[in-house]
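So the structure is just underneath, and the comments pick up after that.
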Amino acid sequence: MIETSSLQVLIALSHNENISKAAEELNVTQSAVSQALKNLEGKVGFPIVARHGKSVALTENGMRLAKVAKQYFKRIEETIEQIHLENNEIKGKVHVGSLYGLGKTWLSSRMLDFLEAYPELEVRLSMDFPENIIKKFEQHEIDCLIMPEHLVPAFADKKDLHDEHTTLVFGSKFDITSKTDLKEILSHQIIFYENNDPNFYRWCREKFGVVPRNIKPRLVVNSFGQMLQAVNENLGIAVVPTHVLKRSHLKDKVRTAGKEFEVYSNKVSFAFHPDEAQSYKIKELYKFLLEVTKDL
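Under this note's numbering, residues 71 to 366 are what the sequence shown spells out, in order.
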């Protein structure tokens with residue numbers, strides 16, 4: 071009989087490809103991981119991993135077995151969830167993935183509120199760049215995603231959460247009004263969230279019908295909070311989500327050109343695996359987040 075502990079080691083190796091990292095994830099020793107692998111290979115009768123120096127990679131058969139192991143544990147969790155549901159309880163775990171900006175400025179505090187409503191539920195929130203979060207979602211390490219609609223992978227089911235808007239912000243030394251044209255705006259020093267900042271370019275397109283080229287920003291900083299701080303210090307102008315500005319302690323210190331310079335940016339979606347469509351935890355989380363988006 072194959073021990074469940076060996077299957078857990080197999081799953082940990084499927085996304086770590088390193089014995090020490092797998093051991094750290096499982097909170098066991100490296101020798102315990104190595105011994106579990108040896109025992110598992112002895113029982114199944116074929117190689118599970120291929121070793122390359124300090125790294126290990128699952129063989130094709132190892133990956134097939136890992137996929138089944140994940141499904142096995144998922145079915146157990148679903149059965150436990152169903153039993154709790156029948157008793158009108160929400161217990162277990164839910165892993166949410168989001169991007170840094172939305173995660174830090176809004177989602178993290180909302181998840182704390184969700185935990186208060188469901189104290190017996192274990193919630194994990196991961197914030198990262200889109201490609202990393204989506205990869206974890208593809209591997210079923212993440213249960214649901216909160217991110218812009220255009221980034222949601224095609225294989226996922228999704229529901230609308232809220233419409234996001236952006237606005238131009240600037241400091242006291244900048245003379246920008248609702249009548250200022252794009253040429254004058256581009257004459258100022260500009261602060262980007264990332265290289266080729268999509269928020270800035272999308273804002274230009276929606277507001278002026280033009281996407282400028284070859285902009286050389288004065289500063290690139292992967293934090294809306296730091297962007298607003300730089301704007302407040304008159305280091306340049308920037309485009310930020312309105313919900314970020316609304317919740318910032320700098321909202322009364324930086325300036326905007328009013329509603330006329332506020333534009334629709336994108337739709338934020340709640341995405342989940344198709345086989346989780348009937349999950350009570352997923353349904354309750356979506357219903358909760360849909361309600362609290364009213365304060366954005």
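We treat Cβ as the ideally placed atom computed from N, Cα and C, and that holds for glycine.
**OP:** Give the range of the alpha helix (DSSP H) segment to which P371 is assigned.
**Re:** The question about residue 371 has no answer here: the residues shown for the chain are numbered 71 through 366.
Subject >> For Y334, the residue or residues it bridges with in DSSP >> reply: H235
Original post:
By how many angstroms is the C-alpha of D198 removed from the C-alpha of Y170?
Top reply: 6 Å
**OP:** Could you check the C-alpha separation between E87 and A127 for me, to the nearest Å?
**Re:** 5 Å
Original post:
DSSP beta-bridge partners for N88?
Top reply: S125
Original post:
In three-state DSSP terms, what is I153?
Top reply: helix
Original post:
Once you ignore the five residues that flank K243 on each side, which residues in its own chain have a CB closer than 8 Å to its CB?
Top reply: N304
Original post:
Sorted by chain position, which residues of the same chain lie with C-beta nearer than 7 Å to Y334's C-beta, five sequence neighbours on each side aside?
Top reply: D233, H235, E276
**OP:** Return the residue from the list A136, G306, E332, L298 that minimises the CA-CA distance to E211.
**Re:** A136
Original post:
So, helix, strand or coil for G306, using DSSP?
Top reply: coil
**OP:** May I have the straight-line CA-CA distance separating G295 from Y271, to the nearest angstrom?
**Re:** 20 Å
Original post:
Of all Cβ atoms in chain D, is any one closer than 8 Å to the Cβ of P200?
Top reply: In the structure shown, chain D cannot be found, because there is only a single protein chain.
Subject >> Contact set for V143: own chain, Cβ-Cβ below 7 Å, skip 5 residues either direction >> reply: With the sequence shown as reference, residue 143 is identified as Phe, and Val is not the correct amino acid for it. The answer is none, since no qualifying residue turns up.
Original post:
From E297 to V291, what distance separates their C-alpha atoms?
Top reply: Looking at the sequence provided, one finds Met at residue 297 rather than Glu. If you take the alpha carbons of M297 and V291, they lie about 7 Å apart.
**OP:** Along the beta strand (DSSP E) that carries V166, what are the first and last residues, could you check?
**Re:** 162-169
Original post:
Got a sec? Which residues, its chain only, sit under 6 Å from S196 by beta carbon, not counting five neighbours each side?
Top reply: G167
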